[in-house]
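Just so you know, the protein sequences line up as chains H and P, in that order.
The first sequence: position 345 = 325 (the working numbering), numbered continuously.
The second sequence: position 283 = 263 (the working numbering), numbered continuously.
Taking it in order: structure first as structure tokens, then the write-up.
Number of protein chains: 2
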Amino acid sequence: MNVFEAHFQTFEDPEGGTPLSSRLAALREELSRRGVTGFLIPRADSQQNEYVPPSEERLAWLSGFTGSAGLAAVLTDQAVLFVDGRYTLQAAQQVDGAAWTVASLVDPPPESWLGSNLRTGDRIGYDPWLHTTSAVERLQAACAKAGAELVPLDRNPIDAIWTERPSPPLGPVSVHELAFAGEAEDVKLGKIRAEIARLKADALVVSDPHAVAWTFNIRGADVAHTPLPLSFALIPKDGRPIIFIDGRKLSNATRDHLERNASVAPAEQLTSTLGQLAAQGTTIALDAATAADALSRLITQAGGKPLRGADPLALLKAVKNDTEIAGTRKAHIRDGAALARFLSWLDREALNGVMTEIDAVEALETFRRETGALKDVSFPTISGSGPNGAIVHYRVSRKSNRRIQAGELLLIDSGGQYQDGTTDVTRTVAIGTPTSEMRDRFTRVLRGHLAIARAVFPDGTTGAQLDSFARQYLWSAGLDFEHGTGHGVGSYLSVHEGPARISKLGTTSLKRGMILSNEPGYYKSNAYGIRIENLELVVAADIAGAEKTMNAFKALTLAPIDRRLIEPSLMSPDELDWLNAYHVRVRETISPLVDEATRAWLAQATEKV
Amino acid sequence: MNVFEAHFQTFEDPEGGTPLSSRLAALREELSRRGVTGFLIPRADSQQNEYVPPSEERLAWLSGFTGSAGLAAVLTDQAVLFVDGRYTLQAAQQVDGAAWTVASLVDPPPESWLGSNLRTGDRIGYDPWLHTTSAVERLQAACAKAGAELVPLDRNPIDAIWTERPSPPLGPVSVHELAFAGEAEDVKLGKIRAEIARLKADALVVSDPHAVAWTFNIRGADVAHTPLPLSFALIPKDGRPIIFIDGRKLSNATRDHLERNASVAPAEQLTSTLGQLAAQGTTIALDAATAADALSRLITQAGGKPLRGADPLALLKAVKNDTEIAGTRKAHIRDGAALARFLSWLDREALNGVMTEIDAVEALETFRRETGALKDVSFPTISGSGPNGAIVHYRVSRKSNRRIQAGELLLIDSGGQYQDGTTDVTRTVAIGTPTSEMRDRFTRVLRGHLAIARAVFPDGTTGAQLDSFARQYLWSAGLDFEHGTGHGVGSYLSVHEGPARISKLGTTSLKRGMILSNEPGYYKSNAYGIRIENLELVVAADIAGAEKTMNAFKALTLAPIDRRLIEPSLMSPDELDWLNAYHVRVRETISPLVDEATRAWLAQATEKV
């Protein structure tokens, strides 16, 4: 009996090993016409988006591989697909083994393969819209090492042979009202212009559509799970900004909203406008992380100076204002109520003998939908039972789907997009009776989670300085987890937002108003996975006698942490106090918003440990 | 009554405000003869040594400023001395205020001053032997910004006018026997050649004299506190290495030792030999941290390729072999016995009404001398009572010297150079009855120290990942300390050795066999200073069921931590267990080596907390 149905998430199995050899052959013919001996196909669009529209899925169309990261190199006599550890198995299943070799994307990187496998005289084409300039520089060095040449191609050769290529999306753009955004566009533009002046630039190309959405207080519907409108903007230090976007996505009202502060131009006009500006010898700032190499090339060729660096908008966007903070609090209360209903339902039904991972995903989405406010899930829910829980980036499909069984753990990582805020929460639930090892591991992960949640740190502290706090109790048992502790989160925008993160690579200072996830885990291969994730708001720490300005985290997420998995004897009194106080807060905030059965469940789920 | 006398440390007050205007005038004349409008004088020798010989103290000779870091810019109409926060006060006292301005060395750096104060057309000279290439690049950019030019000068203009300049030191070189070094020179050279091959270089210039000493198993006596022989070496990928050193420092035996594996050439022959090698178009690796800009320039001008990077020897040297580890353990036991005698003496005598900070320094050096094995102190002892303890880099002088008083803390940071190992230890001692605030702060520092001492971490973990462990209990009270938690330590070499360190800037992985200090502190301005420092050896952590290769620290230092300053109620049972076990180890190891009175003192100083 499955009364639920999900709309934002599907569960198809990736197609397997379809022979797409005619596509590969057509591409090779096209390459030969273009005078190159090879071509690079990244899984990327022109803005380095995390989710890309179907029209940009060139790698999947050519190879059959549907993972979210990868790069293919098609040479005259071989074709190689580079993927990271998450996708090694999936790639081998999806591509035609007769035509493709699967190789490493990360360690070693594709440059290492290219450096040793290209031949002197090879001319390797690439589409400068699909790579950042730093990526191109690395590829160029690898080609040079082998005596080959990296050649920018004007039009993507795949587009020339992809006859049934979907049209770009035309998701309607809506205004993100001041009641949610908290800061008017002209105020934001003032801050951005100050940043452009600080960079000593004449203008800024906004190549990250999240940044366009934030600056002009709009949201879109072009890709899955993130309400971003595919678009670019050009913001001069002085003068009127221009937004480059397909006009068919704009209602009259939205266009009026935009034109209060900017001109609106067709998407394809970006290159000519930018070229004209560059021709005046201007210095134009580019976001190194998202700006396509084509933009740098265009500016240089027109006589301007591209200034590559960190997007100055990213930091402005990451620090949430009071309205956004109030909004995210509301979103987390609403989301917490849906989650309580789900967890209560799960406890009642998990052992009914038929429930599967997909049933859990669909139920959770339905409870979120029933809030009446859900715009989308913020990413495909990870619902991993037993051994599937140990796969960090698991995405359940009809084929991988498992029945939930007693003695297992179920790891559920999910989130909702609401107009007032984006949520992201992971809970790990005991199905039946957990083993003492599971309780030990869960308690170590929990203590790491609490070490972050309870941390107090001086202004200027980076995420790198905090990351180890989350790992110390695993380390002391010879264990660890192979991902960062936390990422930034947007405000009704991307659930993965830079520049701050809690990771040994997190070099951005944590500022008050930033929202970060706190999600340590532990994964035992072929057995079970554990992760405990709350979103945390960076707030002032009020400490009597403090000699420095100190900050701390305040948990935004409101959901019980499974008491059946906690071994209290391993925890300190301070840790237990924090946990019990958190559970009181969860119960008092959420109880008034849920049905009687959920309320009763919540009462016992938040009992003192 | 002072029965002690120190030899390795002196206590003169820096001379104050001597008008050295004739020197400044002579320099300006010389600059005018050379056709430049200014000159830069760093406190540096040609190898970026921490301690420099008197012949290299050009900055002190010219300005009167004797601090260990600084840079002067002498222009036609002004002279500026850049110093860091430690030296602002001292610099103002030492230089002639009529001739000099004191400015910031660090934040902002001198480049910022030069960029805004130089004039178009200025030609600013520098001695390319006294700056690294990266430093020169930064200075060049600053000059360019002002429309000025940075000009390398062939002979240092100060040397031309410094008539009474001391000769370079001629400290005798001795062989560092295999019984201490643990690894023969030819084995080390094999490893170094593998590193040169890995860098794809043809040769390596060893510009760090510590690295020369390590490679060829020699020690010297050219500078204070570090047994290094001023020298360079050139190690070709194939063929015989050459050591460039003043032959007068070598006995026949030492020369024979060196010539087993290398040729010995006069120091001044380095440039011609390097030039000849470079003229063959070779790639020559240089240590970016110590190689003078003159070396890069010389290689380039001769037609070779300088390859600047991290010194590949630094990592080899940092990982101690079994013999070095056994040696350092012995050195720490010997040093611990001397320290116990000192601490016991201090407890008896501190309140005799006449004891001063200098008395404490002299007593400690005497106890170390009485081991019969002390070669030098490893740095000038920091002996700071009361408010002087809050000055992180305090060095007691006759003028700053204070009588030790009841109710104060005494911070003693000291170390010894022994042939089998280098020590570095800080203890903070209660004189009379400490306040409850002092006990609270001391306990927070101690808990941070223990968090490092007890840490378990996976192979590959950097010092940056551990640094915050030492700060967490201070942070939670709104406090912090403004220095790194720990530095690497050499084996009868420099007490400050790279590349590993425990600091937010420590990007080198901690490897088994490395020795690092663990020295968190707390400093209350004008009141007191606290620091607790042990040296720690990185060792394998033996954990049942570990899923990764794990490491841990093992304390080398053996000295009681003042129980009168510990507030046990703030500590966890695990922390108290560690501390008590450490104290048992100290007592059992040191008691057999000391007199009856010290033994009795040790018994109560290591009682269970």
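Glycine included, C-beta positions come from ideal geometry on N, C-alpha and C.
Just so we're clear, the structure is a prediction, and the values are computed from it rather than from any experiment.
1) Can you confirm whether the segment 410 to 427 of chain P touches the segment 508 to 518 of chain P when touching is taken to mean that 3 or more C-beta pairs between the two stretches lie within less than 8 Å?
2) Do you know whose CA, among H/R421, H/L446, H/R419, lies nearest H/A431's CA?
3) In or out: P/H(-13) buried (at least 16 other Cβ within 10 Å) or exposed?
4) Can you tell me where the beta strand (DSSP E) with P/H467 in it begins and where it stops?
5) In the segment 529 to 544 of chain H, which residues sit with their C-beta less than 7 Å from some C-beta in chain P, listed in chain order?
6) Starting from the Cα of P/F422, find the closest Cα among P/I21, P/D542, P/D315, P/A526 and give me that residue.
7) Name the DSSP bridge partner or partners of P/D356?
8) So, at 6 Å on beta carbons, what are the nonlocal neighbours of H/D166 in its own chain, with the 5 sequence-adjacent residues on each side left out?
9) Assess, as a yes-or-no matter, whether the segment 263 to 276 of chain P is touched by the segment 187 to 203 of chain P under the definition of 3 or more beta carbon pairs within less than 8 Å.
10) Locate the beta strand (DSSP E) running through P/T408, then write down its first and last residues.
11) Output needed in chain order: residues of the segment 449 to 462 of chain P with a Cβ under 8 Å from some Cβ in chain H.
12) I'd like to know whether the C-beta of P/E527 is nearer than 7 Å to at least one C-beta of chain H.
13) Grab the span of the beta strand (DSSP E) containing P/E129 for me, first residue to last.
14) Report buried or exposed for P/L158, applying the criterion of at least 16 other Cβ atoms within 10 angstroms of its Cβ.
15) Which residues in the same chain as H/S35 place their Cβ atom closer than 8 Å to its Cβ, once the five residues preceding and following it in sequence are excluded?
16) Could you name the residues of chain H that P/D447 contacts, counting a contact when the two beta carbons are closer than 8 Å?
17) Name the DSSP beta bridge partners of H/K504, please?
18) Evaluate H/N(-18) with the Cβ neighbour count: other Cβ atoms within 10 Å of its Cβ, from every protein chain shown; 16 or more gives buried, anything less gives exposed.
19) Measuring only between beta-carbons, confirm whether H/F19 sits less than 7 Å from chain P.
20) Classify P/G466: buried if its beta carbon has 16 or more other beta carbons within 10 angstroms, exposed otherwise.
21) Assuming the contact rule is C-beta atoms closer than 8 Å, P/D182 and P/T262 should be a hit. Round their C-beta distance to whole Å, please.
22) Any idea if H/A340 is buried or exposed, counting beta-carbon neighbours within 10 angstroms, 16 or more meaning buried?
23) How long is the line joining the alpha carbons of H/A282 and H/L238, rounded to whole angstroms?
24) What are the residues in the segment 425 to 445 of chain H lying within 9 Å of chain P by C-beta distance?
25) Where does P/L208 sit, in a helix, a strand or coil, going by DSSP?
26) Would you check if the segment 13 to 31 of chain P and the segment 91 to 111 of chain P touch, i.e. whether three or more CB-CB distances between them fall below 8 Å?
27) Are the C-beta atoms of H/K285 and some chain P residue less than 7 Å apart?
28) Can you tell which of H/S12, H/T56, H/W80 has its C-alpha closest to the C-alpha of H/F45?
29) Measuring straight from C-alpha to C-alpha, what distance separates H/D575 and H/R314?
30) At 7 Å on the CB atoms, spell out the chain H contacts of P/I523, in chain order.
31) Need the endpoints of the beta strand (DSSP E) that H/G364 sits in, please.
32) Over the uninterrupted alpha helix (DSSP H) stretch that includes H/T346, give me the two end residues.
33) Would you mind giving the Cβ-Cβ distance between P/E527 and H/G458, rounded to the nearest angstrom? I have them listed as a contact below 8 Å.
34) Quick check on H/S483 - is its C-beta less than 7 Å from some C-beta in chain P?
35) Of all the options H/R228, H/D57, H/I176, H/Q260, which has the alpha carbon lying nearest to the alpha carbon of H/L636?
Reading off the structure:
1) yes
2) H/L446
3) exposed
4) 466 to 468
5) M530
6) P/D542
7) P/Q397
8) N241
9) yes
10) 405 to 411
11) F449, Q452, W455, S456, A457, G458, L459, D460
12) yes
13) 129 to 132
14) exposed
15) R145, P146, S147, P148, P149
16) Q445
17) H/Y508
18) Reliability of the predicted coordinates at H/N(-18) is poor, the pLDDT of 44 falling under 50, and no value is obtained from them.
19) no
20) buried
21) 4 Å
22) buried
23) 29 Å
24) A431, R434, A435, V436, F437, P438, T441, T442, A444, Q445
25) coil
26) yes
27) no
28) H/W80
29) 14 Å
30) A457, G458
31) 362 to 365
32) 337 to 349
33) 6 Å
34) no
35) Residue 636 of chain H is absent from the structure shown; chain H starts at -19 and stops at 589.
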